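Chains as they are written, first to last, in my numbering: chain A, 1 to 206; chain B, 207 to 412; chain C, 413 to 618; chain D, 619 to 824. C-beta: ideal position from N, C-alpha, C; glycine also. Remember, predicted model here, so these are calculated numbers, not experimental data. Worksheet: one structure, shown below.
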DNA sequence: TATGAATGAGGATTCATTCAT
DNA sequence: CATGAATGAATCCTCATTCAT
């Protein structure tokens, strides 16, 4: 059965607030963001937020969770056909970057960078963000483990590989995708794959 | 000529404020930090700050500049003896990480991550941080250029190599050095060098 | 002629709001009470109130008037048979206390105590409450006057007697009837009558 | 040793706030009172309150306690010479009324009437007021007990006598002293004593 | 008629900044 | 120079009131 109109509209309004909040939190940080700016961004007056969220904190958590869910869905998915590690890596990176681009501002500020700026990781506010971050790192690690199992990667510490990969993703794609308008992710993916697999050394240097 | 006592004492007080502000800004972010907390941290009362800085913004900029200067000095220095690229890379990384560790909180939050959290890159406030960030990237790039000149690195885009290196530095050292108490930088440096030069692929995968 | 259905239903809704408002005002005071709580208490949504009342103030005044009317009716009534002063006093007190008990919360807060809490006596809002209070005092005074006329009371100032009686009513019945569950009013009436007529002095002390 | 100037000034400011708050709370009730009005009443700007009190609640409690202390001191005092019950009653009433008159607005609204308007008796906010009220009733009861011991009062329930006395105090003095400008307490005291001891009945009616 | 989402003014509280001491 | 009390603008949040459905 389809949700009644009222319900759909409420969900829509909620989404609008989350979307607006994502932008404002990303740009100004938790403390710098004002409820007024979020509301105006969503096309509402300041009081309206409180019909959907009981506090600024709750808005923040909702934003974080919304993003997390996106990544979670993406991580859990399998490629449509059986792929070798390298192609799986490409497939994974393409999807990861597309996801990151969608909410790139919030993603950069709070998730990719696991920013420690505005809250304790232990605090109730920081929990959802931390959990999201761990999810993502976990996804990288699972992927790397397959490379090790297939013998495509040199024996090594999976967490180290996972972190290295995440570092390359950040510096070789998100950073630049963030500056200026977003472009295609293809070239960035190739750069990441190349660096991750072979590094920068000349062949004779090996 | 030596500065008179008055002047020295003033510089000392300024430093105390910058030091305290570094900690508070790092932990709470720009908006979360209060002048009162900074002042108390420096052993002064809130009004005293304004004898040394004209506003909160100016304190922030002073903190950023203070950190930048440290990096700048480090970047400009040459190794004591002539070194090949790989050893020069090691020497550089050791010094860079030590520098980052000294002010790791502020460094992570505002510089290494080039955080977009609390201000616009275009704003007067963001400028010094952005400039500092560019300084660091520039240092990486000069270094990488030497590797290309020496033929140790495969021909490639220097900015890409520089960014890749910076990404590895972040993910393979700073992230972990930040968590828990700081330890020796040696192992982190080796991991970074290894990944940067050879990547993760098994030899036969090349 | 009987009012048409529509009208009767409207009157019913109005009563429901007044009833609910009585409770909420009593418990939270004028400022503490919210239209939402009143509406929910009456089984309506907040917007509905405004079809029956034009503002919060008007609801409050309606509540006060509703209570006043009750007392007014009670005051105006004559005992079924001719009674001497003391029995008339008893008869009067029983009915007065029963009335007070019915809406004891609002009564205590706003009427019995003539609370000066929430509005000026001069304000438009306070007028009906003040008038109600005066009504009640007037009733006491008429009663006392009969006692003087009958020679049952020592010659004295009727207003003083009336106020004294009202004070005893408050402290010897309402205060305690308010605390815990309401019980029978009989004993309280006897205490009041006894104190009012003879005071506390031992006979030989007179 | 005398308190240093700073300290005295701080105590003075605190008192000013309490004094102003007493008036505003009395007139508007807890919810109706605004921090701004309190601050302006004390001759300060709204932010200043928070140097002396951490919240509106704390201001309220401070006001209640301030009043309580006055009554407590008055209750604890003994008449300068040994007095019989009736004179002791007079002495007590004079002092009680003078005390009540000093802060008559707050006293009436929150103490004498033990208003249940704005908070639960159980709540942290209501506690000090309730305690104060009990203190006062306790004082009345101790007094009445002496009258019983001396045989001046007819045997009876001390709490009933105490409550009756308190009711007469309210209705025969405070109520009227509150309306218009305060006058001398003497006549009110005589009315209370007369009513409390002998009631209103004519001699032959006993 | 009733609903409940939306508005926007208002209130508690915080904090950068000023200034008399 | 340093202090810390005072200011007042800004922020989160509440709630009386309106209005489209």
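Strand pairing of residue i, partner residues [DSSP]
i, result
"residue 370 of chain B", "Partner(s): none; residue 370 of chain B has no beta bridge."
"residue 12 of chain A", "Paired residues: none, contrary to the question."
"residue 565 of chain C", "D:819"
Neighbour flag for residue i against chain D, beta carbons, 7 Å
i, result
"residue 608 of chain C", "yes"
"residue 600 of chain C", "no"
"residue 418 of chain C", "no"
Min CB distance residue i to chain B below 7 Å
i, result
"residue 41 of chain A", "no"
"residue 201 of chain A", "yes"
Min CB distance residue i to chain A below 7 Å
i, result
"residue 268 of chain B", "no"
Residue i classed as buried or exposed, judged by whether at least 16 other C-beta atoms fall within 10 angstroms
i, result
"residue 184 of chain A", "exposed"
"residue 5 of chain A", "exposed"
"residue 396 of chain B", "exposed"
"residue 606 of chain C", "buried"
"residue 218 of chain B", "exposed"
"residue 76 of chain A", "exposed"
"residue 681 of chain D", "buried"
"residue 494 of chain C", "exposed"
"residue 567 of chain C", "exposed"
"residue 257 of chain B", "exposed"
"residue 765 of chain D", "buried"
"residue 214 of chain B", "exposed"
"residue 151 of chain A", "exposed"
"residue 369 of chain B", "buried"
"residue 446 of chain C", "exposed"
"residue 746 of chain D", "buried"
"residue 788 of chain D", "buried"
"residue 187 of chain A", "exposed"
"residue 756 of chain D", "exposed"
"residue 45 of chain A", "exposed"
"residue 379 of chain B", "buried"
"residue 817 of chain D", "buried"
Cutoff 7 Å: residue i Cβ touching any chain C Cβ
i, result
"residue 809 of chain D", "yes"
(request) Scan the region 128-153 of chain A for residues whose Cβ lies nearer than 7 Å to a Cβ of chain B and list them as they occur along the chain. (result) Of all residues in the region 128-153 of chain A, 151, 152 and 153 have a Cβ within less than 7 Å of some Cβ in chain B.
(message) To be precise: take each residue of the region 363-378 of chain B, compare its Cβ to all Cβ atoms of chain A, and keep it if any distance is under 7 Å. Which residues remain?
(response) Listed by position, the residues of the region 363-378 of chain B near chain A (Cβ gap below 7 Å) are 366, 367, 369, 370, 372, 373, 374, 376, 377 and 378.
(request) Could you run through the region 10-32 of chain A and flag, in chain order, every residue whose CB is less than 8 Å away from some CB of chain B? (result) Listed by position, the residues of the region 10-32 of chain A near chain B (Cβ gap below 8 Å) are 26, 27, 28, 29, 30, 31 and 32.
(request) Please go through the region 273-309 of chain B and give each complete beta strand (DSSP E) segment of 3 or more residues, from N-terminal end onward. (result) DSSP runs (the beta strand (DSSP E)) wholly in the region 273-309 of chain B: none.
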